[in-house]
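Colleague:
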Amino acid sequence: MNDKTPEFWAAVLTGLKNAWPQILGALMAGLIAYGRLIYDGAI
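Taken in order, the sequence shown gives residues 1 to 43; the numbers are from UniProt numbering.
1. Please list, in chain order, all residues of the same chain as L13 whose beta carbon is under 6 angstroms from its beta carbon, the five residues on each side excluded.
2. Grouping DSSP H, G and I as helix and E and B as strand, with all else coil, what is D40?
3. According to DSSP, is M17 part of a helix, a strand, or is it coil?
Here you go:
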């Protein structure tokens, strides 16, 4: 795979755009879990 071609980066960006809801959901779930740990005093 040649990472210097524009088609490669277009495919990467398209994949990220399509997966953005899952990525954002995972980040939000992680932040909520971390906040709950801090609130409970576990960390």
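We put the beta carbon where it would ideally sit given N, CA and C, even for glycine.
Modeller: Reading off the structure:
1. Closer than 6 angstroms at Cβ, skipping near neighbours: no residue.
2. Three-state DSSP puts D40 in a helix.
3. Met is not the amino acid found at residue 17; the sequence shown has Lys there. Note: K17 maps to helix in three-state DSSP.
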